[in-house]
Amino acid sequence: MKRPGVLVVLVGLWLICGSHGKAIVLKCGSSLREEIEKADKYDILVSNGGCKWEVSKAIIINKPLTLKGIHVTLQSGVVGSIFSLRSNRITISDFTVIGNRDSVTKGQSLINAYRSGFVIENGALKSSSSHGIRVAPVSGGLEIDGGVIRDVVGHRNIGNVVLLSTSRGGKTSTRNVLVENVRAYDSKFKGALEVSNGVQDIFAQTLYAERCVFAFAVQDQSLNQQSIRRVFLTSVVARKCDYGVLSKGGVRHYDISISGVIIENCKTAMTLHNLNWGRVYDVRVIDAGDGKPQIGILKSDNLTLRDVSFMGKSQSGSAVLIRESNKVRVSGVMLSETTSFTCGILFFETSQSKLITADISGIDLGAAQEDVRGIEYKGD
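Residue numbering for the sequence shown follows full-length UniProt numbering, beginning at 1 and increasing consecutively.
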């Protein structure tokens, strides 16, 4: 009668031991692809940092394992990725991956994560013909539920350092992803982090972008299933970008929270489009560019904008524009004496939209040529 119990214990021990692989030291000159293919589940493949590999097609990782200390370049003229993560529980750390943006006309991300439980950390992503890291499930495959990206930097990528998306028009979802400490420099068309096409429950903090289009963006392809919900972002710095924060698209998104933002020498501070029940707190705009308005709230009902300061120089035009947005709450907006805004807060409506209501409090617009000028109607 005791033998089945002993058998159960032995099986349990095998399962525990089986989840911990062996450490493998990668040799310079070896085939990285072959080393990964022959590794067992949960093995840890380590390079001393002095080895460099070049690949001509994506390395597919279809088992849980860890890569550490690798330096990989995509061959010139090749359209493709470097890594395709097609298993749960893959870790890539202390890495450098380099694309070939100057030798191709079509784009692919350097790392594509298609499954859950990934950890991508302590790395550099350079010269991608598209994004550095793209997280999105395979069309018709399993949803992505859980993953971590932290302490990564991107240089001269065409797209984002990190893109979080879905597949099948938002039907196959991506959720519960943590993004921490992402820096972007000289991204041609994108920025540090973009959430798109219906992702949900995303937690991000500490983004930095310089000479990019934006630091953070919310995007969609105007499909009903692509409503983004519950994104929580703290600590954002944008310098010399087109936008600090950019939200645009044709789908309403819900519960986007953004706080602790510094936007310096950017053309436009924020464009907030289709963000229902959004919350934007603690924003500093320094030396605003020629974007008009600097903060635009467009078709965003029940949005809260609080504790916003404009410092340094500015162009004319409106500091804040609220357009076609109902039940907006604005408090703690301050313009320094060095700014040159014509209007502090402007409400703008069209004849076809409903009358907006707003809760305005704690406003210091003494530096504006005009303070708050009610509602302006514009006919068709």
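We treat Cβ as the ideally placed atom computed from N, Cα and C, and that holds for glycine. Given the structure is predicted, the values throughout are model-derived calculations rather than measurements.
- The distance from the Cβ of LEU110 to that of ILE82 is about 5 Å, consistent with a contact at the 8 Å cut-off.
- Classified as buried, GLU264 has 16 or more neighbouring CB atoms from the shown chains inside 10 Å of its CB.
- With a threshold of 16 other beta carbon atoms within 10 Å, GLY29 falls short and is exposed.
- At the C-beta level, TYR243 and THR271 come within 8 Å of one another.
- Taking 8 Å as the cut-off, the Cβ atoms of SER196 and LEU223 do not count as close.
- Selection GLY317, ILE363, VAL245, LEU193 evaluated against ASP307 yields ILE363 as nearest (Cα-Cα).
- DSSP assignment within the segment 74 to 156 yields no whole alpha helix (DSSP H) run of 4 residues or more.
- Contact annotation: ILE59 and ARG33 have beta-carbon atoms nearer than 8 Å.
- The shortest C-alpha to C-alpha distance from PHE216 to any of ILE295, SER129, ILE258 is the one to ILE258.
- If the five residues before and after ARG329 are omitted, its C-beta is found closer than 6 Å to the C-beta atoms of THR304, ASP359, all from its own chain and listed in chain order.
- Setting aside the 5 residues that flank it on each side, GLY289 is surrounded in the same chain by ASN265, CYS266, LYS267, THR268, GLN315, each with a C-beta closer than 8 Å to its C-beta; the list follows chain order.
- Contact between SER361 and SER331 holds: their C-beta atoms lie close to 5 Å from each other, under 8 Å.
- Rounded to whole angstroms, ARG150 and GLY249 show a C-alpha spacing of 27 Å.
- One alpha carbon belongs to CYS241, the other to THR66, and they sit about 35 Å apart.
- Annotated three-state conformation of ARG211 is coil, per DSSP.
- Around ARG134, the same chain offers SER109, ASN112, LEU163 as residues with beta carbons nearer than 6 Å, after the five sequence neighbours per side are excluded.
- Within the segment 198 to 272, the beta strand (DSSP E) runs of at least 3 residues that lie entirely inside it are, in chain order, 200 to 210, 214 to 219, 229 to 239, 243 to 247, 253 to 264.
- The three-state secondary structure of LEU65, taken from DSSP, is coil.
- Excluding sequence positions up to five before and after ARG175, its CB lies within less than 6 Å of the CB of ASP145, GLN200, ASP201, all in the same chain and listed in chain order.
- In this chain, ILE70 is not harboured by any alpha helix (DSSP H), its DSSP state being neither H nor E.
- Taking the Cα positions, GLU54 is about 20 Å away from ASN122.
- For VAL153, the closest C-alpha among the options SER139, SER127, GLY140 is that of SER127.
- Minimum Cα-Cα distance from SER103 among the listed residues ARG115, GLY117, VAL79 corresponds to VAL79.
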